[in-house]
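Residue numbers (the numbering used here), protein chains in the order written: chain A, 1 to 473; chain B, 1001 to 1206.
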């Protein structure tokens, strides 16, 4: 039974509670519903079967991201199944009056990139989407979580969900990150320490000076991967950084509404004496650039460590480690640095934002992708792409030998033509290293920050990004 | 709406922990606009690689109860995963623990997931290994799995448990019953009004 009280999670939950269902679950109002082409077509079919409409069409936002090709986006798509999916979304949005950011609209992109950049995502909202990385939006102090297709149907039909309340774990991290250590390393470190199932039944509140010092895009990277630690959602209390990011965005409150909004948001923050079900402390200084070596995001190590020896692991972790050594073809006790890579991918809802591309470009400038390595950059949205090009980042990447693509989810889950082949090993800024995740049943993925992906691309092997940093005067 | 009180049938043990939904149904099979046909693709890559996957074993054909380890169904929110299992013929899952979204997706499609202690899961594995034809009953009322010679206690969160027994696991109808209350809550949330941008041509809530 949850004991949390006066946290942002508790406050937002209470404000959105419609009632208690006969099952004992809470009926929760969903303030913003994001949909895309993969998990919505069956939900619309279910609506039609039942003769239902979309209750709050103006609180529903659609885009296409998972199946979008990143090279030619010429319609119809060469992939007829992908073409069928995008048509279904176009038809459903037209029929039910849903705002849709299609390819070429200027604002299409990964659903978790476009909603924040347009100001749809705001503090204190409940947000749901048929995608587990909906946790991303918690960076704004929203309670945001992934749902399945039947639940997408429920939100379309009623703007509510039947849910059990989560417990709240405060993950407090204080201190400054060392040079070369990024938000991605922070969340990989937390998952490494707590495990991939520690968060089941919890919302994670990320708190402390380390998160307070992060910009919004860094906070999104952290919250994005809360799900990889088993937590349904993760959030950071809204503050001046949040408000500064939101102000002036297309769908952010304007004029007198803005002042009212900030006052409301301030009241939603966790109280200083809020009660948590659990609190765990971390020190930012203990985090190094981190890279995964296995087949879950929890199987990570500092880049200068060795792949762990089975005897050093807790007994219950050993079977999965054995499976990982076999699948990844990595030997225990050997340094991860120097592991040859075939493909380098920068993009995804974790690390396909402008700040990620800037960091990557800074390191790629004046360097070149190693021979035999395929390296490519996929911006998270049309807006990210446009802005990156305005800053000349694409030229930096192209000169360094990276490919520069159109926006989409791309090789994070490889529902489009971007896929690993055979046993290829990728250095990836995405969020999952599951077996077969990047499109080849035997393909292998090492998760790392975009900066570390650049280091791997120019070295042709896993490398410590700190070696590429300019020495400080 | 149908009540789900007990599931009888043969069991199929699936060893391993942290089995993610990308493995249950690889992403390329998500290129579809219906859930039809997913049953054949369940665990497609694991099956091709292992050559002796439980889902291909002749003695497990027709099995209805899947026995799994810890954190089953982690990762992607794709409902395609429980849909693929259900379309293959799985009617219930017994395991040590489940990822949250997966569990919710299973409830939503009427596929009960019960939890049991590690020792009891091992007991089920052993019993099925000795006799794959052994009949099992997952009794949700008694919260136990019955075998001819033994029984194993199982658990299920109270809300989901009540929904299966009452036949209310398909939430849409119950949620719609609260339409007036939904509008009232929406009216109290300040951002519902901030959310309509200038020049928005979209209609208000219907």
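For every residue, glycine included, the Cβ atom is placed at its ideal position computed from N, Cα and C.
Opening and closing residue of the alpha helix (DSSP H) in which residue i lies
i, result
"residue 325 (chain A)", "318 to 328"
"residue 276 (chain A)", "Residue 276 (chain A) -> no alpha helix (DSSP H), and no H or E assigned at all."
"residue 1107 (chain B)", "1100 to 1108"
"residue 253 (chain A)", "Per DSSP, residue 253 (chain A) belongs to no alpha helix (DSSP H) and is neither H nor E."
"residue 479 (chain A)", "Only positions 1 to 473 of chain A appear in the structure, and residue 479 (chain A) is not among them; the question remains open."
"residue 114 (chain A)", "111 to 117"
"residue 1145 (chain B)", "No alpha helix (DSSP H) contains residue 1145 (chain B), which is instead part of the beta strand (DSSP E) from 1144 to 1146."
"residue 223 (chain A)", "216 to 224"
"residue 1173 (chain B)", "1172 to 1176"
Cβ separation of residue i and residue j, assumed to be a contact under 8 Å, to the nearest whole Å
i, j, result
"residue 413 (chain A)", "residue 66 (chain A)", "7 Å"
"residue 238 (chain A)", "residue 269 (chain A)", "7 Å"
"residue 161 (chain A)", "residue 30 (chain A)", "6 Å"
"residue 302 (chain A)", "residue 176 (chain A)", "No, residue 302 (chain A) and residue 176 (chain A) are not in contact; Cβ-Cβ is about 17 Å, not under 8 Å."
"residue 168 (chain A)", "residue 277 (chain A)", "6 Å"
"residue 102 (chain A)", "residue 64 (chain A)", "6 Å"
"residue 1116 (chain B)", "residue 1096 (chain B)", "7 Å"
"residue 1029 (chain B)", "residue 1044 (chain B)", "7 Å"
"residue 100 (chain A)", "residue 62 (chain A)", "4 Å"
Interface partners of residue i on chain B, CB under 9 Å
i, result
"residue 417 (chain A)", "Simply none; closest approach about 11 Å."
"residue 197 (chain A)", "1017, 1018, 1070, 1071, 1074, 1097, 1099"
Under 7 Å between C-beta atoms of residue i and residue j
i, j, result
"residue 349 (chain A)", "residue 110 (chain A)", "yes"
"residue 1123 (chain B)", "residue 1070 (chain B)", "no"
"residue 449 (chain A)", "residue 282 (chain A)", "no"
"residue 246 (chain A)", "residue 119 (chain A)", "yes"
"residue 398 (chain A)", "residue 179 (chain A)", "no"
"residue 287 (chain A)", "residue 327 (chain A)", "no"
"residue 148 (chain A)", "residue 1100 (chain B)", "no"
"residue 374 (chain A)", "residue 343 (chain A)", "yes"
"residue 364 (chain A)", "residue 400 (chain A)", "yes"
"residue 53 (chain A)", "residue 188 (chain A)", "no"
"residue 1050 (chain B)", "residue 1139 (chain B)", "no"
"residue 39 (chain A)", "residue 196 (chain A)", "no"
"residue 382 (chain A)", "residue 23 (chain A)", "no"
"residue 222 (chain A)", "residue 243 (chain A)", "no"
"residue 440 (chain A)", "residue 425 (chain A)", "no"
"residue 41 (chain A)", "residue 88 (chain A)", "yes"
"residue 411 (chain A)", "residue 345 (chain A)", "yes"
Residues sharing a beta bridge with residue i, DSSP
i, result
"residue 1006 (chain B)", "B:1139"
"residue 206 (chain A)", "A:171"
"residue 46 (chain A)", "According to DSSP, residue 46 (chain A) bridges with nothing at all."
"residue 1012 (chain B)", "B:1066"
"residue 444 (chain A)", "A:425"
"residue 100 (chain A)", "A:62"
"residue 1155 (chain B)", "B:1115"
"residue 376 (chain A)", "A:345, A:403"
"residue 335 (chain A)", "A:306"
Host beta strand (DSSP E) of residue i (start-end)
i, result
"residue 1030 (chain B)", "That residue, residue 1030 (chain B), is in no beta strand (DSSP E); it is neither H nor E in DSSP."
"residue 344 (chain A)", "343 to 346"
"residue 297 (chain A)", "That residue, residue 297 (chain A), is in no beta strand (DSSP E); it is neither H nor E in DSSP."
"residue 306 (chain A)", "Where residue 306 (chain A) is concerned, there is no enclosing beta strand (DSSP E), given that its DSSP letter is neither H nor E."
"residue 235 (chain A)", "233 to 235"
"residue 1192 (chain B)", "Residue 1192 (chain B) -> not in any beta strand (DSSP E); alpha helix (DSSP H) instead, spanning 1191 to 1194."
Cβ-heavy atom distance, residue i to the ligand SAM, below 6 Å
i, result
"residue 238 (chain A)", "Only the bare structure without any ligand can be found here, which leaves the ligand SAM out of the picture."
Chain-ordered neighbours of residue i on chain B, where CB pairs are closer than 8 Å
i, result
"residue 8 (chain A)", "Those do not exist, as residue 8 (chain A) stays about 15 Å from chain B at its closest Cβ, beyond 8 Å."
"residue 404 (chain A)", "The contacting residues do not exist; residue 404 (chain A) stays about 24 Å from chain B at best."
"residue 253 (chain A)", "1191, 1194"
"residue 132 (chain A)", "1075, 1076, 1077, 1101"
Proximal chain A residues relative to residue i, where beta-carbon distance stays under 8 Å
i, result
"residue 1039 (chain B)", "Within 8 Å Cβ-Cβ: nothing; residue 1039 (chain B) doesn't reach chain A, min ~15 Å."
"residue 1053 (chain B)", "Neighbours of residue 1053 (chain B) on chain A: none; closest Cβ ~13 Å, over 8 Å."
"residue 1162 (chain B)", "22, 23, 24"
"residue 1033 (chain B)", "41, 42, 45, 84, 85, 88"
Proximal residues of chain A, C-beta to C-beta of residue i below 9 Å
i, result
"residue 1014 (chain B)", "Residues of chain A passing the Cβ test: none, with the nearest at roughly 14 Å."
"residue 1056 (chain B)", "Within 9 Å Cβ-Cβ: nothing; residue 1056 (chain B) doesn't reach chain A, min ~15 Å."
7 Å Cβ cut-off: residues of chain B touching residue i
i, result
"residue 122 (chain A)", "1191"
"residue 257 (chain A)", "1194"
"residue 225 (chain A)", "None at all; the shortest Cβ gap to chain B is about 12 Å."
"residue 437 (chain A)", "1022"
"residue 27 (chain A)", "1175, 1178"
Residues that residue i contacts on chain A, provided the C-beta gap is smaller than 7 Å
i, result
"residue 1030 (chain B)", "38, 415"
"residue 1159 (chain B)", "23, 24, 25, 164"
"residue 1185 (chain B)", "16, 18, 29"
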